[in-house]
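Everything below concerns the one structure shown next.
Residue numbers (this note's numbering): -18 to 178.
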């Protein structure tokens, strides 16, 4: 029963994030490649705790203008678009939130670190059975040498994409609650470069 309440609270929280993001989408101009130009190179900005942002990371030459976010508490890093924000989740320092107007309290997407001894498939089966989430696509993929499962989900009322990776007894859920084609495309690039430290 407690798990169901937690899942319902999570869904309600995600609803508020989606509504906030939809409002910002209508007021944001379309970003073109010509509009994006970072001049500062290798600038390191300390955030809360021991987590860092780097404004111009060359770890992925396909995404030269993307910023790098490292969550040392959660033991992972990822690159994100220059017009997005990324923050440590203020409610759980192992988790992170990202998106156009992300804060430490909300974001269109994020990373959740879940302690779980079973397989990813077992976790997803339990999640679907005990929540309003319905997975419509399961795809076995590999990210940086680690087997992963990419899912598409429909929920009440949020829908989106997730990539689940597992290392030791930790499941990493990299997700975006959006059906916007541009956001999904950027998310897929973000997820493809996700690294567990």
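Beta carbons are placed, not taken as given, at the ideal position from N, Cα and C, and that holds for glycine.
DSSP lists no beta-bridge partner residue for residue 139. Going by C-alpha positions, residue 72 is about 19 Å away from residue 158. Residue 80 places its beta carbon 9 Å or farther from that of residue 143.
Your pair residue 171 and residue 68 does not check out as a contact, with CB atoms roughly 15 Å apart and the cut at 8 Å. Bounds of the alpha helix (DSSP H) holding residue 172 are 162 to 173.
Cβ contact annotation for residue 120 (same chain, cutoff 6 Å, sequence separation greater than five): 131, in chain order. In the three-state reduction of the DSSP assignment, residue 91 falls in the strand class, which pools E and B.
In this structure, residue 133 lies near residue 141, with their beta-carbon atoms less than 9 Å apart.
The three-state secondary structure of residue 107, taken from DSSP, is helix.
Collapsing the DSSP output to three states places residue 82 in coil. Collapsing the DSSP output to three states places residue 154 in a strand. Between the alpha carbons of residue 152 and residue 77 lies a distance of about 14 Å.
Residue 101 is a Cβ neighbour of residue 129, given a cutoff of 9 Å. Residue 114 sits in coil when the DSSP states are folded into three classes, being neither helix nor strand. For residue 66, the enclosing beta strand (DSSP E) starts and ends at 66 to 69. Put simply, the backbone Cα of residue 160 is about 31 Å away from that of residue 149. At a Cβ-Cβ threshold of 9 Å, residue 91 and residue 66 do not count as neighbours.
Apart from sequence neighbours up to five positions away, the residues of its chain that approach residue 61 with a beta-carbon distance below 7 Å are 47, 48, 50, 67, 79 and 171, ordered along the chain. Taking C-beta separations shorter than 6 Å and ignoring five residues to either side along the sequence, the partners of residue 55 in its chain run 75 and 94, following chain order. Residue 102 sits in a helix when the DSSP states are folded into three classes.
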